[in-house]
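Student: One structure is given below, represented as structure tokens, and several questions about it will come after.
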Amino acid sequence: QVSCPNLEVLSISRVNNISALCSHQLPTDYFTKLQTLFVSHCGKLRNLMSPSVAKGLLNLQVLTIQGCESMEEVITKGEGIMTLFPRLEKLDLADLPKLGHFFLTEFTLELPFLREININNCPEMKTFVKQGIYVSTPSLKSVNNDDEVKVDDLNKAMFDSKVSCRNLEVLSISRVNNISPLRSHQLPTDYFTKLQTLFVSHCGKLRNLMSPSVAKRLLNLQVLTIQGCESMEEVITQGEGIMTLFPRLEKLDLADLSKLGHFFLTEFTLELPFLREININNCPEMKTFVKQGIYVSTPSLKSVNNDDEVKVDDLNKAMFDSKV
143 QVSCPNLEVL
153 SISRVNNISA
163 LCSHQLPTDY
173 FTKLQTLFVS
183 HCGKLRNLMS
193 PSVAKGLLNL
203 QVLTIQGCES
213 MEEVITKGEG
223 IMTLFPRLEK
233 LDLADLPKLG
243 HFFLTEFTLE
253 LPFLREININ
263 NCPEMKTFVK
273 QGIYVSTPSL
283 KSVNNDDEVK
293 VDDLNKAMFD
303 SKVSCRNLEV
313 LSISRVNNIS
323 PLRSHQLPTD
333 YFTKLQTLFV
343 SHCGKLRNLM
353 SPSVAKRLLN
363 LQVLTIQGCE
373 SMEEVITQGE
383 GIMTLFPRLE
393 KLDLADLSKL
403 GHFFLTEFTL
413 ELPFLREINI
423 NNCPEMKTFV
433 KQGIYVSTPS
443 LKSVNNDDEV
453 KVDDLNKAMF
463 DSKV
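Sequential numbering of the sequence shown, starting at 143, is according to our numbering.
Have a look at this one:
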């Protein structure tokens with residue numbers, strides 16, 4: 143029971159016997175000047191602290207937690223409207239495979255000074271707190287490096303897909319088994335409008351990536367790479383009418399997709415006006431790019447599977463009918 147009245151930075155790393163920072167174990171003035179807390183690779187740590195400890199960290203500005211494989215929540219359950227970490231400005235959570243929530247509470251959570259939050263490789267984290275609970279973040283400016291976010295409810299910003307990513311240019315989604323396809327009714331009209339590169343890898347339960355209406359909204363997408371998604375059967379769900387998908391797509395890479403039968407099932411002509419290069423590797427079930435006999439317009443196509451001498455404008459013929 144010794145207070146640390148002047149401690150400003152604390153790093154706890156690879157301490158497997160730590161259980162939690164509990165209020166009954168600490169005097170009231172413990173860590174009162176702590177500004178930065180870094181917790182890493184504490185294998186048996188299921189939660190970090192109680193709400194009473196969190197409220198006592200009056201000057202904490204930066205909280206980072208990573209690689210704690212047993213952590214299920216950062217703050218243990220509490221009651222009543224709460225202001226936790228009253229001066230917290232930045233929160234980073236990474237590589238926490240069992241983390242379900244930041245904090246389980248039935249009441250509004252207030253983080254008045256939180257400006258930036260980054261959450262990476264936390265596959266079980268569906269909501270920041272319990273679904274439907276309001277999270278007040280009036281100072282929030284950046285969510286996962288999107289500095290144009292304008293929200294005051296973190297549950298919506300992080301996990302309900304109700305915040306547009308107007309300036310996001312590169313998006314990588316890897317090893318997220320609970321991801322669902324992108325549907326237009328789930329997204330605002332300006333979602334991903336500046337996205338240029340999309341990389342999707344090893345999302346084991348993803349059967350298709352998006353609907354045609356979402357694909358048409360990706361007005362600036364230039365590079366699309368999908369690999370190692372063992373359940374994927376098609377990239378785009380079925381659509382109707384002559385379609386221009388990904389109107390500025392230049393390069394398409396599909397690899398190690400064991401169940402992929404088609405890129406897109408449609409009864410009508412498909413147009414990819416700017417597509418210059420396509421590579422399809424280890425997709426054994428892919429007999430045609432779209433349905434057999436459907437015309438695929440690719441007037442800019444220059445390279446198919448690294449053959450830069452190809453001269454075609456119908457991708458079905460070029461890739462799978464051996465008529466080129």
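Note that beta-carbon positions come from the ideal geometry of N, C-alpha and C, so glycine has one too.
Since the model is a prediction, treat every value here as computed from it, not as a measurement.
List the endpoints of the continuous alpha helix (DSSP H) containing A196.
Tutor: Taking the first residue of the sequence shown as position 1, residue 196 is located at position 54. Per DSSP, A196 belongs to the alpha helix (DSSP H) from P193 to G198.
Student: Tell me, which residues are paired with M213 by DSSP?
Tutor: Translated into the one-based positions of the sequence shown, residue 213 becomes position 71. Answer by DSSP bridge pairing: none, since M213 is not bridged.
Student: Just confirm the distance between the C-beta atoms of T440 and L414, as a whole number of angstroms; I'd bet it's less than 8 Å.
Tutor: Position 298 of the sequence shown, counted from the first residue, corresponds to residue 440. Position 272 of the sequence shown, counted from the first residue, corresponds to residue 414. The Cβ separation is near 5 Å, so the contact holds.
Student: Determine the direct distance from the alpha carbon of A357 to that of D455, and round the result to whole angstroms.
Tutor: Looking up residue 455 in the sequence shown gives position 313. Looking up residue 357 in the sequence shown gives position 215. Residue placement at D455 cannot be trusted, given a pLDDT of 49 that sits under 50; what the coordinates show is reported in the next sentence. Distance between the alpha carbons of D455 and A357 is about 21 Å.
Student: Using the C-alpha atoms, what's the distance from P265 back to V271?
Tutor: Taking the sequence shown and counting its residues from 1, one reaches residue 271 at position 129. Taking the sequence shown and counting its residues from 1, one reaches residue 265 at position 123. Rounded to whole angstroms, V271 to P265 spans 15 Å at the Cα level.
Student: So what does DSSP say about V356, is it helix, strand or coil?
Tutor: As a first step, residue 356 must be located in the sequence shown, where it is residue number 214. Here V356 sits in helix by DSSP.
Student: Return the Cβ separation of L152 and K175 in integer angstroms, given the expectation that the two are a contact with Cβ distance under 8 Å.
Tutor: As a working mapping, residue 152 is identified with position 10 in the sequence shown. As a working mapping, residue 175 is identified with position 33 in the sequence shown. At roughly 11 Å, the Cβ-Cβ gap does not stay under 8 Å, so L152 and K175 are not in contact.
Student: Please report the straight-line C-alpha distance between I207 and A196, rounded to a whole angstrom.
Tutor: Position 65 of the sequence shown, counting from 1, holds the residue named residue 207. Position 54 of the sequence shown, counting from 1, holds the residue named residue 196. Between I207 and A196, the C-alpha separation is close to 14 Å.
Student: Check the C-beta distance from N362 over to L337 and give it rounded, since I have them as a contact under 8 Å.
Tutor: As a working mapping, residue 362 is identified with position 220 in the sequence shown. As a working mapping, residue 337 is identified with position 195 in the sequence shown. Confirmed, about 6 Å.
Student: Ends of the beta strand (DSSP E) at H243?
Tutor: Numbered from its first residue, the sequence shown carries residue 243 at position 101. That run of the beta strand (DSSP E) goes H243 to T247.
Student: Measure the C-alpha to C-alpha separation of K393 and R257 and round it to an integer number of angstroms.
Tutor: For the purposes of this step, residue 393 is taken as the residue at position 251 of the sequence shown. For the purposes of this step, residue 257 is taken as the residue at position 115 of the sequence shown. Rounded to whole angstroms, K393 to R257 spans 36 Å at the Cα level.
Student: Compute the Euclidean distance between the alpha carbons of I378 and P354, then round it to the nearest angstrom.
Tutor: As a position in the sequence shown, residue 378 is number 236, starting the count at 1. As a position in the sequence shown, residue 354 is number 212, starting the count at 1. Near 6 Å, if we compare the C-alpha coordinates of P354 and I378.
Student: Helix, strand or coil: which one does DSSP assign to E375?
Tutor: In the sequence shown, residue 375 corresponds to position 233, counting from 1. Of the three classes helix, strand and coil, the one that applies to E375 here is coil, per DSSP.
Student: CB E391 to CB I368, shorter than 8 Å?
Tutor: To locate residue 391, count along the sequence shown from 1; it is residue 249. To locate residue 368, count along the sequence shown from 1; it is residue 226. According to the sequence shown, residue 391 is Leu rather than Glu. Contact: no.
Student: How many Å lie between L235 and L190 at the Cα?
Tutor: Residue mapping note: residue 235 aligns to position 93 of the sequence shown, counting from 1. Residue mapping note: residue 190 aligns to position 48 of the sequence shown, counting from 1. C-alpha separation (whole angstroms): 12 Å.
Student: For V312, does the count of other Cβ atoms within 10 angstroms reach 16, so buried, or fall short, so exposed?
Tutor: Looking up residue 312 in the sequence shown gives position 170. The residue in question, V312, is exposed, as its Cβ has fewer than 16 Cβ neighbours within 10 Å.
Student: Using CA atoms only, rank isn't needed, just tell me which of L417, I422, L233 and R418 is closest to H404.
Tutor: Translated into positions along the sequence shown, residue 404 becomes position 262. Checking every option, the nearest Cα to that of H404 belongs to I422.
Student: Quick check: I217 and L233, are their CB atoms within less than 8 Å of each other?
Tutor: Position 75 of the sequence shown, counted from the start, is the residue given in the question as residue 217. Position 91 of the sequence shown, counted from the start, is the residue given in the question as residue 233. No. Outside cutoff.
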